[in-house]
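If you read the sequence shown in the working numbering, its first letter stands for residue 24, the second for the next number, and so on.
What follows is a short report on a single structure.
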Amino acid sequence: MPLSLAQLERHLLAAAEVLRGSLSPHEYQDFLLPLVFLKHASDEFGAARKRLSAAAAAQGSSSEQAAVIADSPEAHARAGSLYIPPLARWERVAAATEHIVESRLSPALQAMAAAHPPLADAFAYLDFTRLGARQPGQADRLLRALIDRLSSAPLHRAALAYPDVLGAAYETLLGRFASAATGGEFYTPASVVRLMTELARPAADARVYDPCVGSAGMLIQVAQHVAEHTGDAGKLTLAGQDANARATAMAALNLMMHGVRNFDLRTGDTLADPQHGSSFELVLSNPPFSMDYSRSSLADAGERMPYGMAPEKGRADWMFVQHMLHAVRDRGGSVFTVLPHGALFRDRAEAEIRGALLDADVIEAVIGLPAGLFTNTGVPTCILVLRSPGTKRPELRGKVLFINADREFRAERTRNVMLAEHVAKVAAAFHAAVDVPGFARAVGRRELADNGDNLNIRRYVDNTPAPEPQDVRAHLFGGMPRAEIAAHQGLLDAYGLAVTDLFAEREPVDSDYVDFLPPGERPDAGRLDLLATPRESAFRDALAAWWQQSAGTLDGLVGGRAAAGHVGVVREEMRALLLERLGPVGPLDRDAVAGAFDAWWDASRHDISCLAHHGWAGVVDAWLQDVHSRLEPETDARTGKVRRPSAAERRAVYQQPVVTGLLPGFAAELRAADDALTAVTGLGRGDVKTAVRTARLHVEQLEAEVCPPADVLPGGSRLDRARAALGARGGERQLVREILHARLRDEVEQRLRTRRGQLQDRYRTWEEKYAESLADIRAASDAAGARMWRHLREMGYAD
C-alpha cells in the first residue's frame, strides 16, 4: 500500500525527533533535508534502474549489458530520471558504522554536487560535525539513528500515495520548524504563497523569478499550479537568488525533491549583486521586511531604481520592489510581493517613490492580509501587485484596487490561518476588479494624490462593522422599526421569511413600525429552527442532486485525464456547477457555498492526488495504511522506548471514516463495551474485580480484532476482511465517493449552523433592544408600586 501524506509526515517527524536536544528546531532542516533528499533520490534511482534494465532486456540485451545500460548517466538522462553516482547511493551511506561524515556522507554529497550542476553549492555550507560538538562520537550516534529511521520506509514515487507527497510532507515540516533567521528572513505561510499564485495565474511556459527565494516555496507553488492545470510544468523557467547560502541550498534541494529540474538559483545580495537579468514574465517574492541597505553598493542603481531612493536604514522595501519591476521590464511582466504595511504610508522619500510609481501607473492592487499569519513576526502585511508600464488591466488603468482581507482567517492556537475559502474569496475579488462594500474598491489617481499618495488600506476600504442602530421612538414607545428589518432583508430572504413570520402588523398598518408577537408566540431558538428547516432541506436536496450529477467527474481523474494533469480543470468544473445549482437556493450565499467547496477540496486534495495516480483502491489502501500506522506502537528513535497509543488516541482512529465505512457496527460495539466497563468499575461489591477484568478483556478483544499485527488472526483482522470483501465486490469507488461526499456535507452543515445562528442572533438583538419599551417599563413600575402600596395599606402601614 502506498504511503499516505499523514504517514510520511509522521515518519519524517520521528526522524526529526532524533535531533531533538542537539539542535534548535529551525536547524533540523539543515541535516534532515539533505538526508531525505539522498534517500528519496537513491530509492527513485533504484526503481528507474530496474525499469531501464527490464527495457534493455526486452530489447535483447544480456543481463550484463542491461545492467551496464541501467547504470549509465546517459540512459537516465534519456529517461528523465535523476542519475545517482555510486558514492551517493543510499545503501553505501547506510552501511557506515563509524566516521560516517568523513567516510560516507561528505563523499556522497560531493558526488551529487559534481553530477548535477544545480546542486553545485547546495551542500557546501553543511557541517555535519556540528552534531558531535558536545561529546565525542555523538555525530555518529545521531546520524546512525537518523539513517536507520529514514531507511525504514521506501521513498521512491511508486511507494508514495502520489508523486509529490514527499514534497508536501516536507513543506509541512518546514512550516512546523519555521523560525526567525538572520537578516530578517521569514518562512512564508503556505496560504500566502497559494494566494499569490492564484492571483498571478502563471502560464505554462512562464519565466518566473524570486529575488529572495528562501526555501523556494513560491517557485514550487508556481510549478504545482501549472502542473495541476496543464499536466506539465517542464516548460517553466524558474530562477531565484538569496543572500543566505543556507537558504539557496535548501531551495535547491526542495525544488529537486518536488521533481523540479529546470531552475537557476544563485547566492548573493540581490540589491547589491543581482545575478539574473530583466527578462522574466513573473516575479513572486517575500523580501525581508524593512532591512538596511547601502546606496553605494547598489549595482546599476540608475537603471534598476528609476523611481527614487529610500532611506538606507530599515527602508529597503521599495528598493526591492523597484528591482522586481526591473526584472520583468523586457517582457512586460508582473510583480506579486509581500510588504509590511509601513511601506504603504511612511512619508518623505518613500512617499515620493510611491507617487512616482502611481504616476507611472504600475501599481495595480494593494491587498491587506490578516494579522498573525507569519510565524515569527506580528508586523501587519500586505500583497502588492505591480505591472510593467502600460500593461495594467484596462479596467484598472489610472486606478489602484484595494482589498481589505484582514478578517479573512481562522484563529488557531498559535497563529491565524487563511483557509482555502479565504484565498478563493480574495482571488475572486482581485480578478473581478469590482467594488465590494467593505472589502474591495478601485480608487482613482486623483483621490490617491489628495491623500498624499498614502496607500493605507483602511483609508479606502474600511471594514469596521457599522454600529448597531438605535431607534429612540421604538425605545420610548415600543415597536420594531421596519428600516432595521429591511437592512437585514437578505437574511430573511435566505430563509424565505416574511416580516409577519417574526412580527405582527399593527392595526391600522404602520408603514414605519411593526409589533413584537406576544411573549409566548415569539420565535425563540426552537421556532426559528422550524422556520429555517424548509429552506435548509431544499438546500441539502440541491447539494445531493449536484453530487449525484458531478461526482462522476472524479472518475475522469483515474487514468487518461489524470495523466494530462487536469485536476485543476475538474475542480473548476465541479465548483462552477455547484455555484450554479446551489447559489439561487439559499440559505447560503455564493461566497459561503464557494467557501464550503474550497475548504472541502483543500481537505481532500491529497486524496484526490492519490486517486489520480492509484485509483479508487489506492485511496482506500492509503487510508487503511494510515489507520494501521496510527494504531501501531511507536519506538522513540533516541531512547528506544516503545509507546502504545492511548485509549483516547485509538478511539479517535476508530472514528476515521474509512473504519466506520468498512465496519459500520464497530463503533456501537466498542461504545457498549466501554459503557459496560465503566458501569462495573463503579460497583463496590466483592466480585467487582472479576467483572472489571471480564469487561476489560472484552474491550481489548474488540480492539485486537480490528487492527492486530498481520500474523495474529487467521484470515486477518476484521478491517482486513472487510477490505477484502469490499475489493471482491468492487466497492472502493462507492466508499471513497461516500466519504468525500460526507466530508463536503460536514463543511456545508457547519456553514448552515453558522447562518442559522446569525438569524437567531439577529432576532435576539432586536428583541433585547425593542421588545420592552420605556413605556412598558414605566407601566410595570407603576403596577409594582401600586401593588406595594396596596399591601402596605392592608397591613395598616399607609392610609
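From the three backbone atoms N, C-alpha and C, an ideal C-beta is built for every residue, glycine too.
Asked: For V459, tell me which candidate among V484, A472, N474 and N477 has the shortest Cα-Cα distance.; Found: V484
Asked: Please name the residue, chosen from E251, L173, S214 and R112, that lies closest to G591 on a Cα-to-Cα basis.; Found: E251
Asked: Do the region 684 to 695 and the region 719 to 726 make contact, defined as three or more Cβ pairs closer than 8 Å?; Found: yes
Asked: Would you mind listing the beta strand (DSSP E) stretches within the region 527 to 590 that are 3+ residues and don't spill past its ends, in chain order?; Found: 536 to 539
Asked: Under the DSSP definition of a beta bridge, which residues are partnered with E657?; Found: R666
Asked: Which of the three DSSP states, helix, strand or coil, is assigned to G467?; Found: strand
Asked: From this set, G543, P546, L525 and F303, which residue's C-alpha is nearest Y536's C-alpha?; Found: L525
Asked: Give the secondary structure of E387 by DSSP, where H, G and I count as helix, E and B as strand, and everything else as coil.; Found: strand
Asked: Please classify F286: does DSSP put it in a helix, a strand, or coil?; Found: strand
Asked: Should T271 and L288 be called a contact, given that it needs their Cβ atoms to be closer than 7 Å?; Found: yes
Asked: According to DSSP, is M503 helix, strand or coil?; Found: strand
Asked: So, using beta-carbon positions, are I386 and I406 closer together than 7 Å?; Found: no
Asked: Which two residues bound the contiguous alpha helix (DSSP H) that contains I800?; Found: L797 to E817
Asked: Give the C-beta separation of R10 and D53 to the nearest angstrom, bearing in mind that I take them to be a contact with Cβ-Cβ under 8 Å.; Found: Not covered by the structure: residue 10. The range shown for the chain is 24 to 822.
Asked: Beta-carbon within less than 8 Å of Q88's beta-carbon, same chain only, minus the 5 sequence neighbours each way: which residues are those?; Found: A79
Asked: For K422, which beta-bridge partners are listed by DSSP?; Found: G467
Asked: Could you give the distance in angstroms between the alpha-carbon of L142 and the alpha-carbon of L276?; Found: 8 Å
Asked: Are the CB atoms of V466 and V423 nearer to each other than 7 Å?; Found: yes
Asked: Could you name each continuous beta strand (DSSP E) segment of 3 residues or more that falls completely within the region 212 to 287, going from the start of the chain to the end?; Found: 230 to 233 and 260 to 265
Asked: Counting pairs of beta carbons, one from the region 44 to 60 and one from the region 211 to 221, are three or more of them closer than 8 Å?; Found: no
Asked: Pairing CB atoms from the region 296 to 304 with CB atoms from the region 352 to 372, are three or more of them under 8 Å?; Found: yes
Asked: In three-state terms, what does DSSP make of R433?; Found: strand
Asked: Flag this pair as yes or no: are the beta carbons of L154 and L165 separated by less than 7 Å?; Found: yes
Asked: Measure from the alpha carbon of P492 to the alpha carbon of each residue in R482, A640, P225 and I508, then state which is nearest.; Found: I508
Asked: If you count every other CB in all the chains shown that lies within 10 Å of the CB of Q572, and 16 or more means buried, which is it?; Found: exposed
Asked: Here's a check: name, in chain order, each residue in its chain whose Cβ is nearer than 6 Å to the Cβ of A574, leaving out the five neighbours to either side.; Found: R760
Asked: Alpha carbons only, please: which of K336, K415, M332 and A748 is nearest the one belonging to R377?; Found: M332
Asked: Could you check if A266 is buried or exposed, using at least 16 other CB atoms within 10 Å of its CB as the buried criterion?; Found: buried
Asked: Taking the runs of the alpha helix (DSSP H) that are 4 residues or longer, which of them lie wholly in the region 135 to 183?; Found: 161 to 174
Asked: Identify every residue that forms a DSSP beta bridge with V358.; Found: V306 and L409
Asked: Among E672, A640, H636 and V642, which one has its Cα closest to the Cα of R843?; Found: Here the chain comprises residues numbered 24 to 822, so residue 843 is not present and cannot be evaluated.
Asked: For V283, count neighbouring Cβ atoms within 10 angstroms of its own Cβ and tell me buried if that reaches 16, exposed if not.; Found: buried
Asked: Give the straight-line distance between the Cα atoms of L767 and E444, rounded to the nearest whole angstrom.; Found: 13 Å
Asked: On the CB-based measure, 16 or more other CB atoms within 10 Å of its CB, does S238 come out buried or exposed?; Found: buried
Asked: In three-state terms, what does DSSP make of V484?; Found: coil
Asked: Quick one: what does DSSP say L758 is sitting in, helix, strand or coil?; Found: helix
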